[in-house]
Ligand code: XMP
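Numbering (our numbering), first residue to last: 9 to 531.
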């Protein structure tokens with residue numbers, strides 16, 4: 009049994025971040041809804057429990073709460089923001105609407121004799137975001153941090169191992185947040201820190217071998233980070249018992265299909281059966297004349313299932329269908345609804361219905377994305393694949409406005425290749441010159457093809473060609489995004505190269521729109 013810290017989610021926007029930070033400190037951490045029964049928590053016997061923030065006021069009748077017994081188990085509990093207020097409220101402290109709302113970076117004074125705050129400065133900046141405040145700590149609690157407007161920025165009952173902190177240590181704006189969470193798991197929960205990616209890979213290989221026995225496993229490999237890491241892991245565990253089906257739908261980025269084949273194909277480094285299905289023409293035929301974005305998505309999704317089924321049926325019955333489900337998928341499909349227990353995730357596109365398999369195997373379902381990447385490096389996957397930016401399942405199908413044609417795919421592939429190359433070069437040069445990442449470093453960047461054709465002039469000739477749109481966004485959660493301030497000279501160089509090198513383009517535009525009102529993709 010791996011030592012585990014449990015996060016109980018009260019609806020705060022940073023709940024996944026809390027779990028990620030705990031794992032970064034080297035301790036495995038899982039998230040459960042506040043509706044999870046205490047008996048289940050007891051069974052898991054966690055080393056520590058963390059209560060997250062949330063949007064409610066804990067003193068109102070219908071607000072999320074938890075049984076008082078949680079604080080009597082002898083397991084260390086750390087409450088953050090709402091979690092801190094709830095702990096204080098339940099244990100007899102006073103929580104009410106604050107006379108002054110604290111929001112943002114806030115100077116905070118710490119008592120360093122607290123196990124949570126050892127080795128951090130007496131005064132530093134924390135991230136606050138609350139309307140309510142703890143006016144008076146519960147009986148038995150000692151105040152261990154305060155701010156100008158917040159008399160109880162942290163309180164603790166060391167003997168009972170209960171800790172309440174009003175600010176958000178999981179957010180990077182809290183200067184010593186990482187140390188505080190690390191102090192919690194090591195000084196308070198007395199964890200050893202056994203969560204490491206090399207041991208994860210080793211243990212998973214063992215677990216996969218045990219589960220699969222001499223069975224056959226089928227995996228749909230897309231070339232994205234998750235399915236590639238799943239392929240690497242399964243290959244190390246069971247070799248040729250694994251068959252990967254890679255469907256090239258003709259909507260991949262430039263050279264991507266060949267890159268996937270290079271890594272996983274017969275000349276690559278992985279022991280597995282690799283089947284590449286060149287379904288490009290089949291997709292172009294199906295998509296011909298279709299311009300409505302939802303219809304295009306539907307066709308691409310359905311066709312994938314059909315092609316995959318056909319290949320699977322050639323192979324015959326398999327014992328397991330492998331999926332690259334990762335932990336955020338699990339959390340998002342289980343915590344949002346009414347159910348307290350996390351349910352298994354089903355990919356949005358649905359499972360193929362005619363493939364004959366007995367069970368599903370999801371080797372990455374415990375991992376966050378950054379951990380999937382680390383596992384990928386452990387497994388020897390190339391860095392360019394492991395650190396690949398997100399690429400949507402329907403591929404360039406959501407980056408071509410209007411009807412999709414083979415020629416349009418070529419244009420967007422070539423323009424996108426140039427754009428990514430120049431942005432990557434500029435980012436690398438910036439880092440070398442300044443020793444840090446550029447502020448404008450986008451989280452996702454790509455070229456899309458607008459459906460606009462307009463008049464231009466090339467040499468002495470009139471042209472009537474397409475406009476390429478460059479997109480680059482900064483985002484944390486991909487739910488909201490801002491356009492990134494790529495330096496003008498970089499954009500200018502990209503524009504010149506695209507016009508010179510990509511036939512069929514006579515205009516290059518940069519999309520400034522944030523999300524909302526725009527989306528990140530352009531379809
Ligand atoms: P939008 O365009 O909705 O994109 O602002 C948000 C993020 O989701 C990605 N995206 C997808 N990913 N299948 C995926 O796996 C899809 O159908 C899909 N559509 C959008 C997009 O690249 C961005 O990161």
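We put the beta carbon where it would ideally sit given N, CA and C, even for glycine.
Check: residue 198 C-beta below 7 angstroms from any heavy atom of the ligand XMP: Not so, every heavy atom of the ligand XMP lies at least 7 angstroms from the Cβ.
Residue environment, residue 465, which counts as buried when at least 16 other CB atoms sit within 10 Å: The residue in question, residue 465, is exposed, as its Cβ has fewer than 16 Cβ neighbours within 10 Å.
Through-space distance from residue 337 to residue 401, alpha-carbon basis: 15 angstroms
Mapping DSSP to helix, strand and coil, what is residue 449? coil
Compute the distance between the beta-carbons of residue 241 and residue 225, then report whether it is under 8 angstroms. No.
By the 10 Å Cβ neighbour count, where 16 or more other Cβ atoms means buried, how is residue 344 classified, buried or exposed? With a pLDDT of 42 at residue 344, under the threshold of 50, the modelled position of that residue is not reliable, and the figure given next carries that caveat. Residue 344 comes out exposed.
Measure how close the beta-carbons of residue 188 and residue 124 come, nearest whole angstrom, since I'm counting them as under 8 angstroms. 6 angstroms
Can the beta-carbon of residue 554 be found closer than 8 angstroms to that of residue 18? In the structure as shown, the chain begins at 9 and stops at 531. Residue 554 is therefore absent and cannot be evaluated.
Can you tell which of 449, 458 and 461 has its C-alpha closest to the C-alpha of residue 494? 449
Can you give the beta carbon distance from residue 502 to residue 391, rounded, assuming they're within the 8 angstroms contact cut? The pair is not a contact, with the Cβ atoms about 23 angstroms apart (cut-off 8 angstroms).
CA-CA distance, residue 29 and residue 467? 57 angstroms
Helix, strand or coil: which one does DSSP assign to residue 492? coil
Between residue 224 and the ligand XMP, is the CB less than 7 angstroms from at least one heavy atom? no
Contact shell at 6 angstroms, judged by CB to any heavy atom of the ligand XMP, ordered along the chain: 398, 400, 401, 402, 406, 452, 486, 523, 527, 528 and 529
Using a threshold of 8 angstroms, state whether the C-beta atoms of residue 280 and residue 239 are closer than that. yes
What are the boundary residues of the beta strand (DSSP E) that residue 212 is part of? Segment 205-220 is the alpha helix (DSSP H) holding residue 212; no beta strand (DSSP E) there.
Can you list, in chain order, the stretches of the alpha helix (DSSP H) that have 4 or more residues and sit fully within the segment 361-448? 377-386, 391-394 and 414-442
Bounding residues of the alpha helix (DSSP H) (the contiguous stretch that carries residue 92): 90-98
Please report the distance separating the alpha-carbon of residue 423 from that of residue 457. 9 angstroms
From the DSSP output, in three-state form, read off residue 46 for me. The three-state secondary structure of residue 46, taken from DSSP, is helix.
When burial is assigned at 16 or more other CB atoms within 10 Å of the CB, is residue 497 buried or exposed? exposed
For residue 504, name the three-state secondary structure that DSSP assigns. It is helical.
What does DSSP give as the partner residue(s) for residue 464 in the beta ladder? 471
Hey, residue 474 and residue 513: beta-carbon distance below 8 angstroms or not? Taking 8 angstroms as the Cβ cut-off, residue 474 and residue 513 qualify as a contacting pair.
Within the segment 274-305, note down every full alpha helix (DSSP H) run reaching 4 residues or more, in order along the chain. 288-295
For residue 153, write down the residues that DSSP places opposite it in a beta bridge. 118 and 162
Distance check for residue 85 and residue 159, CA to CA, integer angstroms please. 21 angstroms
In terms of alpha-carbon separation, which member of 443, 421, 384 and 104 lies closest to residue 65? When only C-alpha atoms are compared, the closest one is 104.
Please report how far the alpha carbon of residue 479 lies from the alpha carbon of residue 133, in whole angstroms. 34 angstroms
Got a sec, what are the start and stop residues for the beta strand (DSSP E) residue 170 sits in? For residue 170, the enclosing beta strand (DSSP E) starts and ends at 170-173.
For residue 407 versus residue 530, is the C-beta spacing smaller than 8 angstroms? Yes, the Cβ-Cβ distance between residue 407 and residue 530 is below 8 angstroms.
Following the continuous beta strand (DSSP E) through residue 41, name the residue where it begins and the one where it ends. For residue 41, the enclosing beta strand (DSSP E) starts and ends at 36-41.
Mind checking who residue 223 pairs with in its DSSP beta bridge? Its beta-bridge partners do not exist; DSSP assigns none.
Determine the direct distance from the alpha carbon of residue 50 to that of residue 58, and round the result to whole angstroms. 14 angstroms
Residue interval of the beta strand (DSSP E) (run including residue 133): 131-144
So residue 116 and residue 153 are supposed to be a Cβ contact under 8 angstroms. How far apart are they, rounded? 6 angstroms
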